[in-house]
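One line per chain: the protein sequences are B and P, in this order.
Terminal number for the first sequence in numbering that gives the first Met the number 0: 310, no gaps in between.
Terminal number for the second sequence in numbering that gives the first Met the number 0: 276, no gaps in between.
We put the CB at the ideal spot given by N, CA and C, even for glycine.
Just so it is clear, the structure is predicted and the values come from calculations on it, not from any experiment.
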Amino acid sequence: MRETVTITKPHGRPRQPTEPRWIRWLLTGTALLFLGLFLVVPLVSVFWFALSKGWSTYLASFDDPYAWHAIQLTVIVVISSVVCNGVFGITAAWAITKFQFRGKSLLLSLIDLPFAVSPVIAGLIFVLIFGLQGLMGHWLEDHHIRIIFAVPGIVLATMFITFPFVARELIPVMQSQGTEEEEAARMLGAGGLRIFWRITLPNIKWGLLYGLILCSARAMGEFGAVSVVSGHISGQTNTLPLHIEVLYNGSTEHERIAAFACASLLTLLALVTLIIKSAVEWHTRRTVLLAESEAFEGPPASASPSNRGHA
Amino acid sequence: MPILLYKRSSLPGFGITLGFSVLYLGLLVLIPLAMLVIKSMGMTWSAFWQTVTDPRVIDSYKLSFGTALVAAVINLVFGLLVAWVLVRYRFFGRRVVDALVDLPFALPTAVAGIVLTTLYSSHGWIGRWLEPLGIHVAYTPLGIILALTFISLPFVVRSVQPVLEDLAKEVEEAAASLGASRMQVFLRIILPELWPALLTGFALAFARAVGEFGSVIFISGNIPHKTEITPLLIFSKLEQFKYAEATAIAVVMLGASFVLLLAINVLQRWTTSRMSL
């Protein structure tokens with residue numbers, strides 16, 4: 000299987016050693032077959048099943064107060080988790096990347112902690128605190144505050160599950176950006192918030208957007224943790240994924256189609272997530288390439304101000 | 000606070016950002032998780048032991064860890080293949096395929112659960128063809144493996160891809176010009192470089208698969224001793240208000256997950272130190 004290698008092309012780049020054509024085809028084919036079977040077929044099927052009885056049946060599936068309530072509740076849950084975890088992500092990334100302190104690596108590991116916790120356990124811990132037999136159960140009961148089997152519990156469980164997403168995206172981005180620009184602004188007399196709004200935020204906006212998107216994608220789809228704390232009360236504590244479960248386990252053909260109709264809504268949002276993610280990645284790559292080519296060609300001083308200029 | 004000693008910096012906001020981060024982390028994550036341990040300590044040792052070694056619980060551990068392991072191995076092999084094809088070869092639609100790899104991260108698990116169950120049940124599009132061959136997927140451990148493979152598919156691809164992109168081609172070229180076959184180059188030069196990333200992706204996929212709930216409950220059928228995963232067992236104990244038992248099983252699972260997390264951290268440090276060399 001030896002082959003001719005390192006023959007230089009006309010414009011001077013050495014040709015990379017590669018596999019014979021039939022192996023390349025075989026490997027590409029196998030990989031595409033695997034992805035087709037595991038990703039494309041399920042993706043297409045969601046829409047196929049949802050539309051199997053035509054558009055009118057599909058649209059009629061959303062003519063259901065429980066479905067609407069589930070959609071509203073899901074939106075509330077997504078917004079609260081994105082806002083809270085977004086603020087946390089920014090503050091944590093600021094503290095971790097702009098300062099040196101002891102215990103930093105411990106803090107980094109603790110931020111990852113929710114990734115290692117099963118969603119069911121994430122729900123369980125909030126039941127243990129706020130549930131009727133839990134630590135604060137009697138106190139909450141006396142004050143007529145409901146957390147478990149109510150919206151606050153669902154929000155808390157989802158916040159726990161999506162806790163690391165924004166911070167995990169921002170920390171590497173801010174790490175690679177360093178602190179020089181912020182320090183220069185500080186020396187020119189800018190205050191902390193002004194530095195953040197004018198210098199840091201424009202630099203991290205794409206990474207932040209990506210983190211927020213990942214966070215909302217996970218929040219709208221969270222099932223296990225929400226399942227434990229929600230109590231499955233239709234029209235009150237069913238988020239969209241839980242509503243799908245109820246419909247899917249229903250007996251009639253109509254309910255099955257309604258389940259897939261709701262699923263198709265979430266699938267569309269998942270596809271939007273993927274598109275935005277690709278756009279963000281494409282943009283970051285281009286910025287990196289631009290910065291590199293500027294660093295090679297132009298005077299180094301021009302690189303950073305022009306980066307900041309278009310913000 | 001002695002553990003928060005820090006080097007003076009000219010930038011403002013250290014106290015408030017770190018303070019808020021630690022407070023939020025403590026309230027939302029650390030205190031609730033500590034509750035789990037405190038609650039389980041309320042049980043006597045023998046009651047705890049009896050709960051976590053009950054045959055039904057043991058069977059669920061075997062199933063959960065076994066199926067997660069198989070799914071992670073499948074993803075190890077195919078993840079490497081997909082990453083290789085995406086980085087090394089150019090073909091029509093490559094960027095779309097690349098974007099699509101993240102679908103399992105973006106798609107709600109319940110959606111994955113109902114669509115896989117419908118496809119692989121005995122009347123489904125795919126299940127219909129497997130049934131005559133004697134292969135039953137829905138409501139068997141095979142179905143659980145299928146769902147877990149789906150939800151953990153991106154991990155290996157995404158951890159191997161950047162390493163493969165950064166791999167210095169000069170070494171491969173040198174080896175090839177010295178007469179090494181392509182297979183030798185792959186096994187002796189490329190694979191050793193990829194091992195840390197492969198193992199990281201494997202461990203992440205495994206950790207995610209062990210705890211997975213949403214997609215599995217639809218396809219598994221949930222038969223005790225046969226297709227009942229540990230998270231589901233915790234869930235059903237809770238529904239019967241057996242909080243202490245649920246907590247005990249959860250503590251065992253959490254312990255196993257932490258060991259995994261620790262392994263992932265060590266692996267990641269190994270990967271970054273290799274990449275910076």
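Exercise. Have a look at P/PHE234 and B/VAL126 and give me their C-alpha separation to the nearest angstrom.
Key: 11 Å
Checklist entry - Does any residue of chain P bring its CB to less than 8 Å from the CB of B/PHE37? => result Yes, because at least one Cβ of chain P sits closer than 8 Å to the Cβ of B/PHE37.
By the 7 Å beta-carbon criterion, what residues does the stretch 62-90 of chain B contribute toward chain P?
PHE87, THR90
* 8 Å Cβ cutoff, B/PRO201 in contact with chain P -> no
| query | Would P/ASP101 be called buried (16 or more neighbouring beta carbons within 10 Å of its own) or exposed? | reply | buried
inquiry  = Which runs of the alpha helix (DSSP H) at least 4 residues long sit entirely within the stretch 99-140 of chain P? Give them in chain order.
reply    = Listed in chain order, the complete alpha helix (DSSP H) runs (minimum 4 residues) inside the stretch 99-140 of chain P are 102-105, 108-119, 126-129.
Taking the C-alpha atoms as reference points, what is the distance between B/PHE186 and B/THR178? Rather than Phe, the amino acid found at residue 186 of chain B in this sequence is Met. If you take the alpha carbons of B/MET186 and B/THR178, they lie about 12 Å apart.
Q) Do B/ALA69 and B/THR238 have their CB atoms nearer than 8 Å? A) Their beta carbons are under 8 Å apart, which means B/ALA69 touches B/THR238 by this criterion.
(message) Less than 8 Å between the C-beta atoms of B/GLU244 and B/THR157, yes or no?
(response) Against a cut-off of 8 Å, the Cβ pair of B/THR157 and B/GLU244 comes out as no contact.
Practice problem: Measure from the C-beta of P/ILE2 to each C-beta in chain B and report whether the shortest distance is under 8 Å. | Solution: Because P/ILE2 carries a pLDDT of 48, less than 50, the predicted location of this residue cannot be relied on, and the following value inherits that uncertainty. Answer yes: the Cβ-Cβ gap between P/ILE2 and chain B drops below 8 Å somewhere.
So, for B/LEU155: in the same chain, excluding its five sequence neighbours on each side, which residues have a beta-carbon less than 6 Å away from its beta-carbon? Only PHE125 meet the Cβ criterion.
Q.
Using only CA atoms, which one of P/ALA255, P/ALA247, P/LEU62, P/LEU22 lies nearest to P/TRP44?
A. P/ALA247
**Message:** Taking its Cβ as the centre, do 16 or more other Cβ atoms sit within 10 Å of B/GLN174, making it buried, or is it exposed?
**Reply:** exposed
**Q.** Straight-line Cα distance separating P/TYR119 from P/ARG127
**A.** 7 Å
Any chain B beta carbon closer than 8 Å to P/MET42: Proximity of P/MET42 to chain B, defined by a Cβ-Cβ separation below 8 Å, is not satisfied.
Practice task
Mind checking the stretch 263-277 of chain B against chain P and listing, in chain order, the residues whose C-beta falls within less than 7 Å of any C-beta there?
Solution key: Of all residues in the stretch 263-277 of chain B, only LEU265, THR266, ALA269, THR272, LEU273, LYS276, SER277 come within less than 7 Å of chain P when Cβ atoms are compared, listed by chain position.
Looking at B/PRO118 and B/GLY210, is the spacing between their C-beta atoms short of 8 Å? no
Please classify P/ILE30: does DSSP put it in a helix, a strand, or coil? helix
Assuming B/LEU58 contacts P/VAL28 under a Cβ cut-off of 8 Å, what Cβ separation, rounded to an integer in Å, is found between them?
Between P/VAL28 and B/LEU58 the Cβ distance is about 42 Å, and since that is not below 8 Å, they are no contact.
* The alpha helix (DSSP H) with B/HIS242 in it runs from where to where? -> That run of the alpha helix (DSSP H) goes 239-247.
>> Please confirm whether B/VAL279 has its beta-carbon closer than 8 Å to some beta-carbon of chain P.
In response: So, not an interface residue.
Below 8 Å on the Cβ atoms is my guess for B/PRO37 versus P/PHE149; work out the distance and round it to an integer in Å.
-> First, the residue type needs correcting, since residue 37 of chain B is Phe and not Pro in the sequence shown. With 8 Å as the limit, B/PHE37 and P/PHE149 qualify as a contact, their Cβ atoms being about 6 Å apart.
Hey, quick one: how far does the alpha helix (DSSP H) through P/TRP48 stretch, first residue to last? 44-51
ask   = DSSP three-state call for P/LEU190: helix, strand or coil?
value = It is helical.
I'd like to know if B/SER175 contacts chain P, where contact means its C-beta is closer than 8 Å to some C-beta of that chain. no
Checklist line | Supposed close pair B/VAL81, B/SER215 - CB separation, criterion 8 Å | finding: 5 Å
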